[in-house]
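With this note's numbering applied, the sequence shown corresponds to residues 1 to 192, in that order.
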Amino acid sequence: MQSTRRTFFKASLGGVAASILGFDLKPAYAQSRELKIGRTTETRSTCPYCSVSCGVIIHTLGDKAKNVTPQVVHVEGDPDHPINRGTLCPKGSSLMQDILNDRRLLKPAVRRPGSDRWEDIGWDQAIEEVARHIKKTRDETFVATDSQGRTVNRCEGIAWNGGCTDTNEFNFLAVKSMRSLGVCYLENQARV
Ligand code: SF4
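(1) Using the rule of at least 16 other Cβ atoms within 10 Å of the residue's Cβ for burial, across every protein chain shown, is residue 59 buried or exposed?
(2) Can you tell me which of the three DSSP states residue 178 falls into?
(3) Apart from the five residues just before and just after residue 62, which ones in its own chain have a Cβ nearer than 8 angstroms to its Cβ?
(4) Under 7 angstroms between the Cβ atoms of residue 108 and residue 126?
(5) Which residue wins for smallest C-alpha separation from residue 165, given the options 38, 36, 39 and 50?
(6) Decide yes or no for the touch test of the segment 74-87 against the segment 109-119: beta carbon pairs closer than 8 angstroms, at least 3 of them.
(7) Considering only their Cβ atoms, is the gap separating residue 171 from residue 182 smaller than 7 angstroms?
(8) Can you give the Cα-Cα distance for residue 54 and residue 102, rounded to whole angstroms?
(9) Using 8 angstroms for Cβ pairs, my map puts residue 157 next to residue 138. What's the rounded Cβ distance?
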């Protein structure tokens, strides 16, 4: 069997703990592994939150049968990854909540001017309202030429900020859309 940092830690952690604390923690350690990730499938991936790109292992429970939806039960740093060597910052450590979160928003919501609460609206209404606001703002703030008469064709009244878990494809689409409107204040995690 090929020895890796991960197998080394697996094999030696109990012994190290015993030598430091003076008693054998191997049974407890083995039990906790059994409870949490003992029967899981390990999938190696990359943390999406920042450009450090730490390696993670996603533990999934499910017997791979066609009628079973695999369930993510744990995410941890990959000890064999050359960038992070098993460590994760607080954002990366909370990665499982990005995958499974009962507080995830599933429909559009709007907070009207002056209101102190969010109101659920339908997708059609949201798209219509966003389009209307974009058109109005662009019409009011579009700059065709600068102070020296040079053509610039830029929209200075709109900015776009992408989220760190947006995919490259989504960011590509967003940048194309914003550039077509003349928006120059835009940023996203993919640095497209
Ligand atoms: S774990 Fe933290 S440092 Fe590593 S990629 Fe994720 S956000 Fe960046």
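Ideal Cβ placement from N, Cα and C applies to all residues, glycine included.
Answer, in terms of the structure:
(1) The residue given as residue 59 occupies position 59 in the sequence shown. Burial call: buried.
(2) Residue numbering aside, residue 178 sits at position 178 when the sequence shown is read from its first letter. Helix.
(3) The residue you call residue 62 lines up with position 62 of the sequence shown. Within the same chain, residue 62 has close Cβ partners 41, 68, 69, 70 and 71.
(4) Numbered from 1 along the sequence shown, position 108 holds the residue referred to as residue 108. Numbered from 1 along the sequence shown, position 126 holds the residue referred to as residue 126. Between residue 108 and residue 126, the CB-CB gap stays under 7 angstroms.
(5) In the sequence shown, residue 165 corresponds to position 165, counting from 1. Selected option, being the one with the closest Cα: 50.
(6) no
(7) Here residue 182 refers to the residue found at position 182 of the sequence shown. Here residue 171 refers to the residue found at position 171 of the sequence shown. Against a cut-off of 7 angstroms, the Cβ pair of residue 171 and residue 182 comes out as no contact.
(8) Numbered from 1 along the sequence shown, position 54 holds the residue referred to as residue 54. Numbered from 1 along the sequence shown, position 102 holds the residue referred to as residue 102. The alpha-carbon atoms of residue 54 and residue 102 are separated by roughly 25 angstroms.
(9) Counting from one through the sequence shown, the residue named residue 157 turns up at place 157. Counting from one through the sequence shown, the residue named residue 138 turns up at place 138. Rounded, the Cβ-Cβ distance is 7 angstroms, consistent with contact.
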